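Each remark here refers to the structure printed beneath this line.
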Amino acid sequence: MRKKLVAGNWKMNGSLAGNRKLLDALAPVDGVDIAVCVPYPYLAQAAEKLDGIDLGVQDVSEFTAGAYTGEVSAVMVAEFGCAYAIVGHSERRALFREGEAEIGRKAAAALAQGLVPIVCIGETLAEREAERVVAVIERQLAPVLEILGAEGLATAVLAYEPVWAIGTGRSATVAQVAETHAAIRAWLASHGVASERVKILYGGSVKADNARELFALDDVDGGLIGGASLIAEEFLAICRAAAVAQSCIE
Ligand code: PEP
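Add 314 to a position in the sequence shown, counting from 1, and you land on the number used in our numbering.
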């Protein structure tokens, strides 16, 4: 049985004083794994403050060390006790031109250091309207599978994040999420990946008031939470919704 995971993505937000309040207010929730993916400069602060909640980053270099100015390696973040590294977030794909194979190599770099990569996939609105959702997912996952192999991909976490739902307040509908997550799991299974082991998170305007119905879906193993992860009460309410959904499958 897969355990639900709720991962917060702080994006490029935070300050030492503001983080202190947020981190102090966070607490583990029984029955659910929780992680917060913070900006690199706050790793030490978050590592010191978090108890029973995992630490993650929002990106990681595909390289291990050397002349790569501005890059941060998985080796470095592992030293802070990081458990997760988001790779291929749509903002990195769109704003920083990250390519499919590069994202696969980043996921491999994370895995090599014992971090679980949270590989983000998802279509734009134009792609959804052109009924290309499954084709996009295949285009994004195939290079990752080629680089990680079936066993590597089975140990990763996937986050289905329709681009049009991120930060817009417009979540995908329950029916859209159910259909797409089932398609992702079917794609994994048909490509030799132990699909029943893979956690598939949903991300895109998840809030306390829609989390419960989304997390109740069979193929939804939790959420990747952006804006709402910056508000302790909201984030914890989402975690509690995941715990309720988890208790229903136990
Ligand atoms: C995200 O940044 O991954 C995300 C899902 O953002 P939001 O929850 O704000 O839509």
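Glycine included, each C-beta is placed from N, C-alpha and C at the ideal position. Remember, it's a predicted structure, so these values are computed and weren't measured experimentally.
Going by beta carbon distance, what residues of the same chain come within less than 6 Å of valine 352, once the five residues before and after it are set aside? The answer, listed in chain order, is Trp324 and Ala360.
According to the neighbour-count rule (16 or more other Cβ atoms, all chains shown, within 10 Å of its Cβ), is serine 329 buried or exposed? Label assigned to serine 329: exposed.
Out of Cys434, Trp478, Val471 and Phe410, point me to the one whose CA is closest to glutamate 441's CA. For glutamate 441, the closest alpha carbon among the candidates Cys434, Trp478, Val471 and Phe410 is that of Trp478.
At the level of alpha carbons, what is the spacing between phenylalanine 394 and isoleucine 348? The C-alpha of isoleucine 348 is placed about 17 Å away from the C-alpha of phenylalanine 394.
How close, in whole Å, do the beta carbons of valine 491 and isoleucine 432 come, if the pair is a contact with beta carbons under 8 Å? Separation of the CB atoms of valine 491 and isoleucine 432 is rounded to 17 Å, and the pair is thereby denied contact status at 8 Å.
Consider the C-beta atom of alanine 479 and the heavy atoms of the ligand NAD; say whether any pair is separated by less than 7 Å. By its list of ligands, the structure shown excludes the ligand NAD, since it contains just the ligand PEP.
Once DSSP output is grouped into helix, strand and coil, what is the label at tyrosine 356? Here tyrosine 356 sits in helix by DSSP.
Closer than 8 Å is the cut-off here; do at least three beta carbon pairs connect the region 332-345 with the region 548-564? With a cut-off of 8 Å, the region 548-564 and the region 332-345 count as touching, because enough Cβ pairs lie within range.
Alanine 349: first and last residue of the uninterrupted beta strand (DSSP E) it sits in: Residues 347-351.
Over what stretch of residues does the beta strand (DSSP E) that includes cysteine 434 continue unbroken? Per DSSP, cysteine 434 belongs to the beta strand (DSSP E) from 430-435.
Which two residues bound the contiguous alpha helix (DSSP H) that contains lysine 335? Membership of lysine 335 in the alpha helix (DSSP H) is indicated by the continuous run 330-339.
Using only the heavy atoms of the ligand PEP, determine whether one of them is closer than 7 Å to the beta carbon of alanine 542. Checking the Cβ of alanine 542 against the ligand PEP gives yes.
Are the beta-carbon atoms of valine 430 and alanine 468 separated by less than 8 Å? No.
Got a sec: does the ligand PEP put a non-hydrogen atom nearer than 7 Å to the Cβ of leucine 409? Checking every heavy atom of the ligand PEP against the Cβ of leucine 409, none is found closer than 7 Å.
Isoleucine 514 by DSSP, collapsed to three states: which one? Isoleucine 514 falls in the strand class under three-state DSSP.
Buried or exposed (CB count within 10 angstroms, at least 16 for buried), phenylalanine 549: Looking at its Cβ environment, which holds 16 or more other Cβ atoms inside 10 Å, phenylalanine 549 is buried.
Which residues in the same chain have their Cβ closer than 6 Å to the Cβ of glycine 418, if we skip the five residues on either side of it in sequence? Result list for glycine 418: Pro457, Val458 and Ile461, in chain order.
Which term fits glutamate 564, buried or exposed, when burial requires 16 or more other beta carbons within 10 angstroms of its beta carbon? If you draw a 10 Å sphere on the C-beta of glutamate 564, you find fewer than 16 other C-beta atoms in it, and that means exposed.
If you reduce the DSSP assignment to three classes, tell me which class valine 447 lands in. DSSP places valine 447 in helix when its eight states are reduced to three.
Quick one: what does DSSP say alanine 546 is sitting in, helix, strand or coil? In the structure shown, alanine 546 adopts helical secondary structure according to DSSP, grouped into three states.
Enumerate in chain order the residues of its own chain whose CB-to-CB distance from lysine 363 is below 6 Å, with the five nearest sequence positions on each side excluded. If we look at lysine 363 and ignore the five residues flanking it on each side, its Cβ neighbours are Leu337.
State the start and end residues of the unbroken alpha helix (DSSP H) segment that holds alanine 473. Per DSSP, alanine 473 belongs to no alpha helix (DSSP H); it is in the beta strand (DSSP E), 471-474.
Have a look at the DSSP bridge pairing and note the partners of alanine 321. Paired residues: Ala349 and Leu538.
Below 6 Å CB to CB, which residues in the same chain sit around glutamine 513 once its five sequence neighbours on both sides are set aside? Sequence check: residue 513 is lysine here, not glutamine. Arg316, Leu319, Val471 and Asp535.
Am I right that valine 558 and glycine 537 are in contact with their C-beta atoms under 8 Å? What's the rounded C-beta distance? By a beta-carbon distance limit of 8 Å, valine 558 does not contact glycine 537. Their separation comes to about 13 Å.
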